[in-house]
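Following: one structure in structure tokens, then a few remarks.
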Amino acid sequence: MNTTKIGWIGLGNMGIPMAGQLIKAGYTVTVYNRSKDKEASLKEIGASIAETPKALIAATDVVIVMVSDDAAIEQIFKGEEGLFSIETSGKTIINMSTVSPSISKEMATQCKAKGNFYLDAPVSGSVKQAETGQLVIMVGGEEAAFNQVKPILEKMGKLAKLVGENGAGNSAKLAINSLLALYAQGLAETVLFANEQGIKTEDLLELINNAAIGNIFTKIKGDAIIADHYKAAFALKHIVKDLNLAKAEGISSPLAKTALNTFEDAAAKYGEEDIIAVIKQLKG
2 MNTTKIGWIG LGNMGIPMAG QLIKAGYTVT VYNRSKDKEA SLKEIGASIA
52 ETPKALIAAT DVVIVMVSDD AAIEQIFKGE EGLFSIETSG KTIINMSTVS
102 PSISKEMATQ CKAKGNFYLD APVSGSVKQA ETGQLVIMVG GEEAAFNQVK
152 PILEKMGKLA KLVGENGAGN SAKLAINSLL ALYAQGLAET VLFANEQGIK
202 TEDLLELINN AAIGNIFTKI KGDAIIADHY KAAFALKHIV KDLNLAKAEG
252 ISSPLAKTAL NTFEDAAAKY GEEDIIAVIK QLKG
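Residue numbers for the sequence shown follow the working numbering, so the first one is 2 and each next one is one higher.
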């Protein structure tokens, strides 16, 4: 069994399978989640439960955070029972959430002042990749801290790569998710155009997935379109958040602006559905 004690905060669609990978790898894992019912499945396979982030960091060596946005990060770190509400040193906090580079830089500065380490380490991949440990993890922070926790990250991903200082991991993730938005809108528009020309969706997608332009995304989301199944693996509302974060960091290209407008229009009706539900918005 690995001796490093890991704390996990945030048990959404991604957090549960990612934390599960660490338990399966032999780590001692303590979890915290605001919605307590989500802790049950991990407790069944060996996780301990912490009542607060404060209690969690006190009992662990490495804390991993996987929550939805900057506001949640503020609460987890600075709340009354948050990670910063107790004096600790020598801890490593890994923020795997997709949040702004600026909040990572802020939290890194405060962690360092307390004698702790901070890495931003968002992931590329969805629920299936989380369940199989095949995520791609992009990391910002100090190289020594990264090397120390790299074996942990490699239990969750097929690639864990340091890309720069604190905030760089978040910047890389916003770049990748901007491309994700373009993929999703492009695939949806392509299917709708082909349908208008009398081409069946199944036939078009078979061609795409056997051509050079085919990839895992077109296969998975193409299958969702064919099945007319839009349960969220990555909710459409989250791509709106990410595109707005990218916009705040300076992305202003024509395609990025168009994608943001499209997904913002779609979010009111389809925000809780999968990103590829944008096809329903475009179809009208």
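Yeah, the Cβ is synthetic: ideal placement off N, Cα and C, and Gly gets one too.
Quiz item: Do residue 171 and residue 105 come within 8 Å of each other at the CB atom, strictly closer than that value?
Solution: yes
Practice problem: State the beta-bridge partners of residue 139 as determined by DSSP. | Solution: 162
Practice problem: Kindly indicate which residue of 129, 232, 112, 151 has the alpha-carbon position closest to the one of residue 122. | Solution: 151
Quiz prompt | Supposed close pair residue 241, residue 268 - CB separation, criterion 8 Å | solution = 5 Å
Self-check item: Reference residue 222; option with closest CA among 108, 274, 246, 75
Solution: 274
Practice problem: Kindly indicate which three-state DSSP category residue 105 falls into: helix, strand or coil? | Solution: helix
Quiz item: Along the chain, where does the beta strand (DSSP E) that runs through residue 95 open and close?
Solution: 93-96
Quiz item: How do the region 4-12 and the region 126-144 stand: do at least 3 beta-carbon pairs fall below 8 Å, yes or no?
Solution: no
Self-check item: Three-state class that DSSP yields for residue 66 in the structure shown
Solution: strand
Quiz item: Can you tell me whether DSSP reads residue 118 as helix, strand or coil?
Solution: strand
Exercise. Write down the C-beta distance between residue 64 and residue 94 rounded to the nearest angstrom, noting that I regard them as a contact closer than 8 Å.
Key: 5 Å
Quiz prompt | Bridge partners - residue 125, DSSP secondary structure assignment | solution = 137
Exercise. Could you give the DSSP three-state label for residue 8: helix, strand or coil?
Key: strand
Quiz prompt | For residue 82, the nearest candidate out of 197, 62, 58 (CA to CA) | solution = 58
Self-check item: Three-way DSSP call (helix, strand, coil) for residue 226 in this model
Solution: helix
Quiz prompt | Contacts around residue 227, its chain only, beta-carbon distance under 8 Å, and the 5 residues preceding and following it disregarded | solution = 202, 203, 206
Quiz item: If you count every other CB in all the chains shown that lies within 10 Å of the CB of residue 46, and 16 or more means buried, which is it?
Solution: exposed
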